[in-house]
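Under our numbering, the first residue of the sequence shown carries the number 65, and numbering increases by one thereafter. Worksheet for the structure shown next.
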Amino acid sequence: MTVTESPVKLNAVAAPGQPEATPALDELYRGFEQELLVPLWTEIGDLMPAHPRSRAVPHLWRWENLRRLAAQAGEIVPVGRGGERRAIALANPSLDGRPFATPTLWAAIQYLMPGEDAPEHRHTQHAFRFVVEGSGVWTVVGGDPVPMNRGDFLPQSGWNWHAHHNATSEPMAWIDGLDIPFQYATEAQFFEFGRDVISDAERSTPERSRSERLWAHPGLRPLSATDPGPGTPLLRYRWAHTDAALSDQLLLEKEGYGGTVEPGHAAVRYSAPHTGSDVLPTIRAEFHRIARGAETAPVRETGSSVYQVFDGSGVVTVGDRSWTVTRGDLFVVPSWEPFSAMSQAGSTDSDSGALDLFRFSDAPIFEALRLDRIQLDRIQKDAR
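This is how it looks when you write it as structure tokens:
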């Protein structure tokens, strides 16, 4: 009989909280190794720490570098099969070279050349697109052409057919967010190729998609609509609406009526029009506007986030790292790392005169599992 070496390796050590290192303990550990057993007392510090210790680390990606490299890829990498979507993922430096921004979140820049079509596919991973610059690309979800313009947020729940086409003479880049790492870790993912070419009708360029015509009327639910399934049925959240909501919050604060989450800090959450819940089952998306000179209070949260600077400039601090950021830059906030931001934006670098931040996170997962916890200004709020 062939004897294979056990992957379990145990050592009797003299350390606080550990049994006395004796020959008998050593013999016991050899028995554990042979039967593929691991006692909790040797692992508790790693498996059950006093607070979350993320495998991800805070990191910043400069938009100018991402844009430059994506443009190079546009010249040499096909957008179709073999260069799937020309999507270039952010790889957190502590996650072993995997294309994961955090242990649960994927973020990528996608680049489409003039006149190009990204072929159709579908997957169980929930996804969105957020446009930091440009216009003229349409994403086609279930045959519905949806326009993409600067500041638009376009969520799409899993297992929906989708393709893209660029109807302009200029290239366009945007960011994709998905729950790929989460579904990869839970071994729950499915993927399927669709058509290589979309129909002429799907290549149309309507100013409003069918989903927007049906669902984008504030406070009004169409009685004709059946249950749209998981996630939001609205496929485009317009920048004009997001901008107006944030501006009104800051104006209300200035008039003495409140409306902001803290002084100088306006924020909104994208929600499904039929339920008011998060737009996707595993991803929360928000937009934050920080007035010039304002600084947010440090906050820790379980779960991780990815931010993109939509406009303006400022200083962001994640854990013990601080960066000066400008339009397009992306950065990661790992689980339980404190985060704060200070706005240095003005009329010369921001249309709103403020630091505008788009954020997406894995908060719905943590809330569903009752693992969500927030610590603000040293006051811990346990959602349970």
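Just so you know, even glycine gets a beta-carbon here, dropped at the ideal spot from N, CA and C. If you're wondering where the values come from, they're calculated on a predicted model, not measured in any experiment.
- When only Cα atoms are considered, L74 and I429 end up about 34 angstroms apart.
- Beta bridge pairing from DSSP links Q220 with A191.
- The DSSP-derived three-state label of S399 is coil.
- Scanning the region 319–364 from its first residue to its last, the whole beta strand (DSSP E) runs of 3-plus residues come out as 329–333, 348–355.
- Setting aside the 5 residues that flank it on each side, V379 is surrounded in the same chain by S386, W387, T388, V389, A405, M406, Q408, each with a C-beta closer than 8 angstroms to its C-beta; the list follows chain order.
- Residue environment: L310 is assigned as buried (16 or more neighbouring CB atoms within 10 Å of its CB, all protein chains considered).
- Contact annotation: A135 and A153 have beta-carbon atoms that are not nearer than 7 angstroms.
- Put simply, the backbone Cα of T346 is about 17 angstroms away from that of R186.
- Cβ atoms of V205 and Q189 stay farther apart than 8 angstroms, at about 14 angstroms.
- Taking the C-beta atoms as reference points, D420 is found nearer than 7 angstroms to G376.
- R186 carries a strand assignment under DSSP once its states are collapsed to helix, strand and coil.
- Partner residues in the beta bridge of W170, as assigned by DSSP, are L242.
- Beta-bridge analysis with DSSP links P294 to no other residue.
- The region 163–181 and the region 216–235 touch, with three or more beta-carbon pairs separated by less than 8 angstroms.
- For T232, the secondary structure class from DSSP, reduced to helix, strand or coil, is coil.
- For R259, the CB contacts under 6 angstroms within the same chain, skipping 5 residues up- and downstream, are E184 in chain order.
- The residue from V332, V396, G222, E91 with its alpha-carbon nearest to that of T381 is V396.
- Here S158 has R119, A120, V121 as same chain residues with Cβ atoms under 8 angstroms from its own Cβ, once five neighbours each way along the sequence are excluded.
- Secondary structure note for S275: it is in no beta strand (DSSP E), and the uninterrupted alpha helix (DSSP H) holding it is 274–279.
- A residue is called buried once 16 or more other Cβ atoms fall within 10 Å of its Cβ, and M212 is buried on that count.
- F164 carries a coil assignment under DSSP once its states are collapsed to helix, strand and coil.
- Taking C-alpha positions only, E266 is separated from D208 by approximately 7 angstroms.
- In the DSSP assignment, L284 is bridged to no other residue.
- With respect to the C-alpha of W400, the residue from P362, L287, E251, Y175 having the closest C-alpha is P362.
- Between R333 and S369, the gap from beta carbon to beta carbon reaches 7 angstroms or more.
- DSSP places H226 in the strand class (E or B) of the three-state scheme.
- Leaving aside the five residues that flank T106 on each side, the residues in its chain whose CB is nearer than 8 angstroms to its CB run, in chain order, L74, Q82.
- Under the 10 Å beta carbon count, V77 is surrounded by fewer than 16 other beta carbons and is classified as exposed.
- The region 392–437 is shown to contain whole alpha helix (DSSP H) runs of 4 or more residues at 427–432, in chain order.
- Residue environment: H123 is assigned as buried (16 or more neighbouring CB atoms within 10 Å of its CB, all protein chains considered).
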